[in-house]
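First residue of the sequence shown: 0, per numbering that gives the first Met the number 0; consecutive thereafter.
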Amino acid sequence: MDVDAPAPAPAPAPTASSSTPAGLPRADNEEPQRASSVPLHAKEYAVGYVYAPEMMLHSSEQEHPEQPGRIFRIYNILNENGCIKRMKRIPIRKAKRDEVLLVHSEKTWQSIMTLKSLTAQDIANSEAYYDSLSLYVHPETPNCARLSCGGVIEAAMAVARNELQKSFAIVRPPGHHAEPEKPMGFCFFNNVAVAVRVVQQLTKIKRVMILDWDVHHGNGTQRCFNDDPSVLYMSLHRYEQGRFYPCGPFGSMVSCGEGAGRGFSVNIPWPDKGMGDADYLHAFQRIVMPIAMEFSPELVIISAGFDAADGDPLGQCHVSPAGYAHMTHMLSGLAGGKLVVALEGGYSLDSISKSALEVGRTILGQSPPELPPLVASEIATETVWQVALEQSKYWKNIDPKACEPSAEIDQITYTIPELLKAHRQEYMYREYEMLEVPLLHEDHQDKFSSQIMCTKDIMDNEVLVVFAHEFGNIRAEIADGTTCSIREEHSYLVDTSKQLVAWVQTEGYALLDVNLFPKPGSPELMYAPRSPEQYAKEIMTYLWDNYILLSNAKRVILVGHGPGVLALTELLAARPAGVMRQVELIVQVVGYGKIPLVPSKQGADLIAWYRTHSLVVVPRDHSILRDGKVLKRHGLVTPIDESKSIKLMMRALPLIQKYVKNCLQPEQAVNGS
């Protein structure tokens with residue numbers, strides 16, 4: 000049968016308008032009478048639709064979820080609620096071979112075209128084969144597949160050519176599972192992918208975003224554009240570690256494209272069924288819209304499967320019609336409003352019709368229905384956070400910290416840094432009998448409690464070593480890239496301060512050990528946060544005023560490691576007279592970071608003192624060694640043959656020991672003669 004000659008099929012019955020006067024029949028498309036006070040305006044359409052009952056001829060004799068009534072129910076509910084008469088009917092046509100071949104192979108085209116010659120016996124004999132591809136076939140399948148694909152092409156072209164602002168393609172069979180080399184998953188041609196290629200070829204539009212909210216991953220669509228940076232493909236789908244159809248790792252969060260298209264495929268894979276409005280809208284606000292704004296598409300196409308809708312037997316999720324309306328509303332703000340909605344899956348006739356109605360109302364300009372207060376589930380916030388960690392590699396708008404799950408279990412959790420600080424405190428007491436330094440200032444206590452330690456003789460010993468450092472380096476092995484799980488038994492902390500502390504204890508010096516890694520601020524204090532550098536400066540000044548100055552220490556050695564060097568330089572600038580009077584040597588073990596300078600505004604005396612009382616240890620290929628102007632402002636800068644920053648302190652320790660001993664001998668200058 001040729002679809003160009005309309006075949007007998009169920010058609011929507013015309014609905015008379017309630018405003019029609021009795022006894023005066025009026026066609027569906029006839030306008031109601033205009034009151035004389037209403038100005039006359041030429042009728043304009045901003046929204047169009049594609050629909051043809053001929054697409055219902057693709058059918059199965061067996062009961063099947065992808066049934067012909069899907070598109071009829073959607074058209075009918077839109078018509079009954081007055082949406083169809085506010086939309087322009089876009090003429091439908093069959094997709095051409097050359098258009099389909101922009102995406103699919105010749106073999107795929109031929110394999111589908113041959114279906115028109117199938118007999119009833121052929122269909123019965125091949126049922127097992129097509130069932131393995133999650134397909135059923137019919138002699139009318141080729142024509143229906145071409146109509147479905149051509150319908151999406153025409154809907155997209157009408158928007159791309161600025162004939163319409165938005166369009167709704169009410170088509171079947173769906174398309175997003177169809178891969179370039181094979182049809183599968185109820186899909187024959189990838190309608191959306193072909194439409195995108197036609198639009199890119201025939202119009203000025205090149206940057207296209209596809210948002211796929213079908214409950215199944217659109218493996219075919221991602222495959223079509225996996226290496227193409229001109230098309231942003233984003234999918235929210237039920238994944239279940241690759242066990243949910245279409246199965247496998249292609250729909251995982253780390254499947255982000257390849258080659259030039261790396262980062263332009265974004266998968267938000269739900270690990271379980273039951274996801275609802277709060278979960279989808281949370282993903283939209285944290286992932287979908289930030290990436291979409293950064294990509295800045297010229298056209299947006301929704302692969303609108305409604306099988307995540309509440310009541311769908313396959314999807315088993317709980318997205319409401321209002322939830323779909325809100326997602327549509329957000330997407331309508333992109334690409335200057337150029338939006339195409341193309342039907343994909345959805346297998347509960349009630350659910351898809353009600354959901355499609357709200358989407359139709361939204362693209363016609365109606366505000367989305369009000370939603371009740373929503374809070375995303377714990378499993379959704381965890382998934383979105385993990386997706387943010389992955390996508391932040393490619394998109395500046397993605398902030399993983401903003402996506403981190405809320406503190407629902409804060410009262411029963413401990414952060415890794417706090418656990419390790421507690422361990423270090425216990426270790427320092429057990430090995431060296433070092434004690435926690437009490438901090439009287441409440442803010443200091445909140446930020447640095449349990450991480451500033453001293454030996455018992457800090458107030459009596461004449462030689463005091465002040466060691467300022469940050470946290471050690473944590474090395475963690477990832478057990479599973481899809482869940483970011485850590486293999487605890489293969490994870491560890493690298494603490495390069497152990498050897499220095501042991502040496503100070505052996506020499507009989509007093510030690511003030513300052514861990515400058517501040518605890519995170521409480522939410523109520525976040526309105527006026529201070530940087531870690533500001534906290535470090537404050538605590539070093541506090542310790543100088545309240546402990547070092549009040550002690551009997553006549554000779555002080557300042558040692559800074561990593562970020563600790565900046566805190567010592569800030570102390571030097573804040574208390575110049577006291578530092579020049581009591582400090583014999585300031586040691587800076589920097590790594591590859593910038594070496595802080597004494598501010599020139601502090602005066603020539605302090606700068607001259609610093610040059611003769613400082614030792615700076617850097618890797619041999621540090622950039623400072625090539626900058627003579629900066630080099631002159633430091634004292635002795637010593638390169639070490641060590642490229643790894645975490646090992647630099649270990650390699651530098653013998654040198655530090657030598658210079659400390661030299662400077663503590665009164666007859667010798669700090670840097671030798």
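Ideal Cβ positions, reconstructed from N, Cα and C, are used throughout, including at glycine.
Tell me residue i's beta-bridge partners as DSSP assigns them.
i	result
H236	P268
T637	V616
I301	L210, V340
H317	G275
C186	M183
I585	L557, S613
L434	C453
E178	K181
K87	G47
When we look at the beta-carbon of residue i and count the other beta-carbons within 10 Å, is it buried (16 or more) or exposed?
i	result
I594	buried
G258	exposed
M233	buried
A127	exposed
Y658	buried
T454	buried
E537	buried
Y534	buried
H317	buried
S672	Per-residue confidence for S672 stands at a pLDDT of 36, beneath the threshold of 50, marking its modelled position as unreliable; the derived number appears in the next sentence. By the neighbour-count rule (16 or more Cβ atoms within 10 Å), S672 is not buried but exposed.
G219	buried
I415	exposed
Q664	exposed
D213	buried
Take residue i and list the residues in its own chain whose beta-carbon comes closer than 6 Å to its own, dropping the five residues that flank it on each side.
i	result
H103	P179
T482	Bear in mind that a pLDDT of 49 at T482, under 50, signals an unreliable position, so the number given afterwards is only what the model happens to contain. Once the five neighbours on either side are set aside, T482 has no close Cβ partner at all.
R85	L363
V299	M208, L330, L333, A334, L338
R610	G634
S354	F305, A308, P320, Y323
I76	S352, L356
A501	none
G698	Only positions 0 to 672 of the chain appear in this structure, which leaves residue 698 out of reach.
W608	M579
Y508	V462, V464
I301	L210, V340
Just curious, the beta strand (DSSP E) that residue i is in, first and last residue?
i	result
Y48	46-49
D227	That residue, D227, is in no beta strand (DSSP E); it is neither H nor E in DSSP.
F167	165-168
P559	Rather than Pro, the amino acid found at residue 559 in this sequence is Gly. Start and end: 554-560.
F466	462-468
V513	509-514
C453	451-453
Does the distance from the CB of residue i to the CB of residue j come in under 9 Å?
i	j	result
S366	K165	no
N189	I152	no
I169	V265	no
L201	M156	yes
G150	E343	no
Y279	P312	no
L388	P399	yes
I556	L571	no
V558	I655	yes
T380	V358	no
A194	A154	yes
V564	V589	yes
E498	M649	For clarity, residue 498 is Gln in the given sequence; the question names Glu instead. Taking 9 Å as the Cβ cut-off, Q498 and M649 qualify as a contacting pair.
I'd like the span of the alpha helix (DSSP H) that includes residue i, first residue to last.
i	result
F71	68-79
D349	348-362
M579	575-581
F447	441-447
N161	First-last for N161: undefined, no H or E at that position.
A131	Before going further, note that residue 131 is Ser rather than Ala in the sequence given. Residues 126-131.
A387	377-390
M673	In the structure as shown, the chain starts at 0 and stops at 672, and residue 673 therefore has no counterpart that could be examined.
Excluding the 5 residues preceding and the 5 following residue i in the sequence, name in chain order all residues of the same chain whose CB lies nearer than 8 Å to its CB.
i	result
Q61	Y135
P7	No answer about P7 holds up, because its pLDDT of 42 lies below 50 and its placement is not dependable.
I682	No information on residue 682 is available, as it lies outside the stretch 0 to 672 that the chain covers here.
G241	G247, P248, G250, S251
Compare the C-beta of residue i with all C-beta atoms of chain D and state if any pair is closer than 9 Å.
i	result
P289	Judged by its chain identifiers, the structure shown contains no chain D, having just a single protein chain.
Please work out which residues of its chain come closer than 7 Å, Cβ to Cβ, to residue i, disregarding the five sequence neighbours upstream and downstream, and give them in chain order.
i	result
N396	P289, I290, M292, E293
W108	R96, V99, L100
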